[in-house]
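S.K.: Numbering (our numbering), first residue to last: 44 to 345.
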């Protein structure tokens with residue numbers, strides 16, 4: 044079966060990295076009086092807020108089912124993940140593009156460029172630790188899949204968001220370092236402005252890709268294709284089942300709802316049929332720990 048990742052670890056790592064970067068940028072802004080560096084500090088603080096929203100979503104997803112919410116609150120996690128993608132697009136991407144265009148039309152000489160490079164270097168180290176922790180969990184979840192396939196098929200919205208955010212942040216810091224370095228070497232402020240725009244475009248692209256994937260979960264996706272194959276394979280291997288006619292799944296945050304229509308092996312009575320179904324459902328929930336709800340319909344055709 045496919046592996047299971049711990050989404051809480053990369054979220055906490057990203058929160059710690061972003062907060063450390065925020066403190067560093069705030070210190071640099073206080074020392075230099077740079078408005079641009081202060082804006083960057085606010086940007087990093089907003090990133091901390093993104094992780095806070097994901098933690099809120101994970102907490103809400105654990106609420107128990109009720110009469111009003113019979114399938115629980117698991118999909119609340121998708122709402123908060125989608126909101127983070129929107130914030131990444133607007134606060135991160137669009138603001139950076141605006142700032143880059145402003146630098147093109149109103150160029151200003153760099154202030155304390157060596158300090159800025161130092162802050163960026165620290166940011167790259169901090170984000171690298173966060174990205175390493177995130178990739179460890181992603182590798183557990185993706186198994187033999189490549190990263191792009193995992194990105195398209197994963198149902199873990201919070202891990203998807205953290206991966207996208209960490210990747211965009213790390214690449215953005217590298218682009219910013221190259222842009223400032225080129226500006227220092229050539230004295231041409233165009234490199235700094237173009238670098239800022241490139242960071243904005245990068246953030247927008249990542250945010251849109253993440254939003255597309257989370258939107259699918261909000262609409263109501265089933266389990267991953269490989270997970271579905273595992274479920275069908277397990278059901279077909281059961282001696283109580285002659286043939287699986289149909290299988291419907293629905294991803295509900297960390298939990299899964301499964302509806303099975305199957306042709307059962309002949310039994311002596313209705314009671315034996317019910318007992319066979321109960322046996323299959325209990326075994327399925329034992330084998331697949333994320334299956335919380337199961338509905339079983341015996342039939343002779345789909």
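We treat Cβ as the ideally placed atom computed from N, Cα and C, and that holds for glycine.
#1: Would you please state the rounded distance, in angstroms, between the beta carbons of residue 165 and residue 67? I believe it to be under 8 Å.
#2: Using the beta-carbon count (16 or more within 10 Å), is residue 283 buried or exposed?
#3: Between which two residues does the beta strand (DSSP E) containing residue 306 stretch?
#4: Can you have a look at residue 209 and say buried or exposed, based on whether 16 or more other CB atoms are within 10 angstroms of its CB?
#5: By a C-beta neighbour count over all protein chains shown, 10 Å radius and 16 as the cutoff for buried, is residue 219 buried or exposed?
#6: With contact counted as at least three CB pairs below 8 Å, one residue from each stretch, are the stretch 297-315 and the stretch 323-341 in contact?
#7: So for residue 341, helix, strand or coil by DSSP?
#8: Can you name the residues that DSSP bridges to residue 321?
#9: Decide if residue 44 is buried, meaning its Cβ has at least 16 other Cβ atoms within 10 Å, or exposed.
#10: May I ask you to list the residues that DSSP assigns as paired with residue 283?
#11: Quick one: what's got a C-beta closer than 6 Å to residue 222's C-beta in the same chain, skipping five residues either side?
#12: What does a CB cutoff of less than 7 Å around residue 320 pick up in its chain, not counting 5 residues either side in sequence?
#13: In the DSSP output, what is residue 334 paired with across the bridge?
#14: Check whether the Cβ atoms of residue 170 and residue 216 sit closer than 8 Å, and answer yes or no.
#15: Check whether the Cβ atoms of residue 298 and residue 115 lie closer than 8 Å to each other.
#16: Should residue 228 be labelled buried (16 or more other beta-carbon atoms within 10 Å of its own) or exposed?
M.R.: Working from what's here:
#1: 5 Å
#2: buried
#3: 298-307
#4: buried
#5: buried
#6: yes
#7: strand
#8: Partner(s): none; residue 321 has no beta bridge.
#9: Only weak support exists for where residue 44 lies, its pLDDT of 44 falling under 50; the value from the coordinates is given anyway. Residue 44 comes out exposed.
#10: Its beta-bridge partners do not exist; DSSP assigns none.
#11: 234, 235, 238
#12: 339, 341
#13: 299
#14: yes
#15: yes
#16: exposed
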